[in-house]
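Protein sequences, first through last, are from chains A and B.
Each residue of the first sequence is one higher than the last, beginning at 1 in this note's numbering.
Each residue of the second sequence is one higher than the last, beginning at 1001 in this note's numbering.
Every residue gets a Cβ at the ideal spot worked out from N, C-alpha and C, and that includes glycine.
Reading through the structure tokens given below for one structure.
2 protein chains.
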Amino acid sequence: MAPGRVIYVATSNMHKVEEINAVLQECGYRVEPIDAPKLEIQGDLKRVALYAAATAYSIVGKPVLVEDAGLFIEALRGFPGPYSSYVYKTIGIDGILRLMKGVDNRRAYFYSVIALAYGGGLALFEGRCDGYIADGPRGDKGFGFDPIFIPEGDNRTFAEMDVEEKNKYSHRARAARALCSWLERNQQVLTS
Amino acid sequence: MAPGRVIYVATSNMHKVEEINAVLQECGYRVEPIDAPKLEIQGDLKRVALYAAATAYSIVGKPVLVEDAGLFIEALRGFPGPYSSYVYKTIGIDGILRLMKGVDNRRAYFYSVIALAYGGGLALFEGRCDGYIADGPRGDKGFGFDPIFIPEGDNRTFAEMDVEEKNKYSHRARAARALCSWLERNQQVLTS
Chain A
1 MAPGRVIYVA TSNMHKVEEI NAVLQECGYR VEPIDAPKLE IQGDLKRVAL
51 YAAATAYSIV GKPVLVEDAG LFIEALRGFP GPYSSYVYKT IGIDGILRLM
101 KGVDNRRAYF YSVIALAYGG GLALFEGRCD GYIADGPRGD KGFGFDPIFI
151 PEGDNRTFAE MDVEEKNKYS HRARAARALC SWLERNQQVL TS
Chain B
1001 MAPGRVIYVA TSNMHKVEEI NAVLQECGYR VEPIDAPKLE IQGDLKRVAL
1051 YAAATAYSIV GKPVLVEDAG LFIEALRGFP GPYSSYVYKT IGIDGILRLM
1101 KGVDNRRAYF YSVIALAYGG GLALFEGRCD GYIADGPRGD KGFGFDPIFI
1151 PEGDNRTFAE MDVEEKNKYS HRARAARALC SWLERNQQVL TS
């Protein structure tokens, strides 16, 4: 088990855990998944994450993170947005490519929010990564819509990158870095 | 204003109000929209409706209904399902038709749940309408995905039918009829 102070994270997605930990090790923390009830309301990702973190904390009673993310495609009015994981499980990558067939505007962004609930309240961290929807899936790393997302500044998809490479660009790593600097400034808060 | 005992309904969708009232008048009730906070969790429609009704009742303090519905398309693994109104507002009817282009299996169903929260607890009513996704939109009545849904037993879409005709088939009318018979058996509960 890696060293570092532990913060629980209410997720069963080990890809997310790995990506967040690759960043958090830089500030001496690590997340550990916890099987907490994660009550997700409908709405924008900030509301979803804050509500889920608050309810998880009310049960766990220890500092706990919720990370929620979505892919927002400009030509589809932000679809699949907050419901990206549901859309991934139903129409999937193939469905997104069908919807984008012949569409010139491929602009999209991934957006991540991390909500931290602890004895002192709630803190929210955001990260965004602009890029493009690929014409077809490429790569087998990462998860979700990674095979069809190309971040600005590269020509590979997220699924063609290792965690370290993806983290140079990714929405989730950016949110985790914001969390890192908050943790460095607020260590007392979590340990007291 | 129509006669009948009033039950509040947490919605701003006047189409829903009209469709439900066309059924409820048969048992001497009518719904009136109320601007109650409607906290919608993510999940299947039963959980969504029960939770939203319970939270609305905790604030309104009077019997209140929540109706939630979705279109479940077999070939799309149930998509758009519980997130039908979000999907309608983003990729819309055009997006569904793109996803269904060249797909032979057009089977789909509309599913409605009505949750009633009152002093005695929560009661849930369901209605389902099986049918097919049309090749293109037809009609300008109704709302949402009505122009592309053809109920079994007819060859018109919901959007080509008046409320009375749609209610012969519709998921929402079926749920409302179940509510009606419950109300007839439980009048004391709501008035006391």
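Flag this pair as yes or no: are the beta carbons of residue i and residue j separated by less than 8 Å?
| i | j | result |
| --- | --- | --- |
| Leu45(A) | Gly4(A) | no |
| Val1006(B) | Arg1177(B) | no |
| Leu1190(B) | Pro1063(B) | yes |
| Tyr8(A) | Val60(A) | yes |
| Tyr1088(B) | Phe1149(B) | no |
| Leu1124(B) | Leu1050(B) | yes |
Would you grab the beta carbon distance between residue i and residue j for me? Rounded to a whole angstrom, and I think it's under 8 Å.
| i | j | result |
| --- | --- | --- |
| Ala1108(B) | Phe1143(B) | Not quite, the Cβ-Cβ distance comes to about 17 Å (not below 8 Å), so this is no contact. |
| Pro1137(B) | Ile1093(B) | 5 Å |
| Ala1159(B) | Asp1140(B) | 6 Å |
| Leu1099(B) | Gly81(A) | Going by Cβ atoms, the distance from Leu1099(B) to Gly81(A) rounds to 17 Å, so no, they are not a contact pair. |
| Ser1181(B) | Cys1129(B) | That belief does not hold up - the Cβ atoms of Ser1181(B) and Cys1129(B) are roughly 18 Å apart, past 8 Å. |
Between the C-alpha atoms of residue i and residue j, what's the straight-line distance to the nearest angstrom?
| i | j | result |
| --- | --- | --- |
| Leu1116(B) | Leu1183(B) | 10 Å |
| Ala52(A) | Gly43(A) | 12 Å |
| Leu1065(B) | Tyr1111(B) | 16 Å |
| Glu1074(B) | Asn1105(B) | 7 Å |
| Ser192(A) | His15(A) | Unreliable placement is indicated for Ser192(A), whose pLDDT of 48 sits below 50; the coordinate value is still reported in the next sentence. Taking the straight line from one Cα to the other gives about 30 Å. |
| Thr1011(B) | Thr1090(B) | 20 Å |
| Glu1018(B) | Arg77(A) | 30 Å |
| Arg156(A) | Glu164(A) | 14 Å |
| Ile114(A) | Ala1056(B) | 28 Å |
| Tyr86(A) | Ala36(A) | 20 Å |
| Asp1154(B) | Asn13(A) | 45 Å |
| Val1031(B) | Glu1067(B) | 11 Å |
| Pro33(A) | Cys27(A) | 18 Å |
| Ile1133(B) | Asp1162(B) | 19 Å |
| Gln188(A) | Gly120(A) | 11 Å |
| Tyr1029(B) | Tyr1118(B) | 15 Å |
| Ser1200(B) | Ser58(A) | With chain B covering 1001 to 1192 only, the question about residue 1200(B) has no answer from this structure. |
| Val1103(B) | Ala1054(B) | 40 Å |
| Phe1079(B) | Lys38(A) | 22 Å |
| Pro147(A) | Pro1147(B) | 34 Å |
| Leu101(A) | Lys1101(B) | Note on identity: in this sequence residue 101(A) is Lys, with Leu being the wrong assignment. One C-alpha to the other measures close to 12 Å. |
Name the residue from the options whose alpha carbon lies nearest to the alpha carbon of residue i.
| i | options | result |
| --- | --- | --- |
| Asn1186(B) | Asp1140(B), Leu1122(B) and Ile1020(B) | Leu1122(B) |
| Tyr83(A) | Thr55(A), Lys101(A), Ala56(A) and Glu40(A) | Glu40(A) |
| Gly127(A) | Ser58(A), Lys38(A) and Lys168(A) | Lys168(A) |
| Gly1131(B) | Lys1101(B), Lys1166(B), Ala1054(B) and Tyr1029(B) | Lys1166(B) |
Is residue i a contact residue of the ligand COA, with contact defined as CB to any heavy atom under 7 Å?
| i | result |
| --- | --- |
| Lys46(A) | This structure simply doesn't include the ligand COA, nor any ligand for that matter. |
For the structure I just gave you, are there three or more beta carbon pairs, one from the stretch 1016 to 1035 of chain B and one from the stretch 1158 to 1178 of chain B, closer than 8 Å?
With a cut-off of 8 Å, the stretch 1158 to 1178 of chain B and the stretch 1016 to 1035 of chain B count as touching, because enough Cβ pairs lie within range.
Identify each residue in the stretch 1132 to 1159 of chain B for which the Cβ-Cβ distance to at least one residue of chain C is less than 9 Å, and report them in chain order.
Reference to chain C is not applicable here, since the protein chains of this structure are A and B.
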